[in-house]
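First comes the structure, then the notes that go with it.
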Amino acid sequence: MAPLPTISLFTLLHLLLVALYFSLVSAEPQTHLVYVGVNGSFFSPSTVAAQANDVISFIFGADVHAVRQSTFEKPCTPLDGGFSSGLAGIKGVGFTGATGQPIPVWNLTVSNASRPLYFMCDSIDPVFHCSAGMVGIINSPNGTVHISLTALKCLDIWFF
5 MAPLPTISLF TLLHLLLVAL YFSLVSAEPQ THLVYVGVNG SFFSPSTVAA QANDVISFIF
65 GADVHAVRQS TFEKPCTPLD GGFSSGLAGI KGVGFTGATG QPIPVWNLTV SNASRPLYFM
125 CDSIDPVFHC SAGMVGIINS PNGTVHISLT ALKCLDIWFF
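Taken in order, the sequence shown gives residues 5 to 164; the numbers are from the numbering used here.
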C-alpha cells in the first residue's frame, strides 16, 4: 500500500485562507432586479432565489402597481404586518420614464432566506392585478411550479 501524501503546514494554511476568502466573497449581499408592470400586469421575474441580506429592487414601469406581502394560502390578500411598497409607478407612461420623472424603485432586504416570501400587486386600475395573476415569490420552495399554483389560486382555478 502506498504511503499517504503529506501536506506542509504552509500549504494547509494557504488552503484555509483561500477557503475563508471565497466564503467571505460569496457572503456578499447581491441585488436582484424585479421589474413591476413592464410587460403588462406581471412581475419579471416572478420568482427570485435570494440569500439573507440580499436586496430585491422592485423597479416600477408603466402605470401604477404595488408590491404587498401575502401568503401561499391567500395570495391575493395582503398579510397583516407584511411588507408593502405602497402604490408606485408613472400612470400612462412607458417604462422609459419619458416624462423625465425618475423611475420609481422600492428595495426589500431579505432577512430570512429559509422561508418563502409571497407578494402580489393590489392595484385595482383597471382591474384587480392580483386576480389577473400578478403574484411572485422570493425563495420558492418548489420553483416555478409553486408560482404557477399560486397564480391559479389567484385566478380562482384552484381545484385541489
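We put the CB at the ideal spot given by N, CA and C, even for glycine.
Would you kindly report the start and end of the unbroken beta strand (DSSP E) that includes S74?
For S74, the enclosing beta strand (DSSP E) starts and ends at R72 to S74.
Integer Cβ distance of I142 from V114, believed to fall under 8 Å
Going by Cβ atoms, the distance from I142 to V114 rounds to 6 Å, so yes, they are a contact pair.
Roughly how many angstroms lie between the CA atoms of T35 and P130, to the nearest whole one?
Taking the straight line from one Cα to the other gives about 31 Å.
Do the CB positions of V40 and G65 come within less than 8 Å of each other?
Yes.
Would you please state the rounded distance, in angstroms, between the beta carbons of P79 and P120? I believe it to be under 8 Å.
The Cβ separation is near 11 Å, so there is no contact.
Label S61 either buried or exposed according to how many other C-beta atoms from any shown protein chain fall within 10 Å of its C-beta, with 16 as the threshold for buried.
Flag for S61 reads exposed.
Grouping DSSP H, G and I as helix and E and B as strand, with all else coil, what is S45?
In this structure, S45 counts as coil in the three-state DSSP scheme.
Tell me whether the beta-carbon of A56 lies closer than 8 Å to the beta-carbon of N116.
Yes, the Cβ-Cβ distance between A56 and N116 is below 8 Å.
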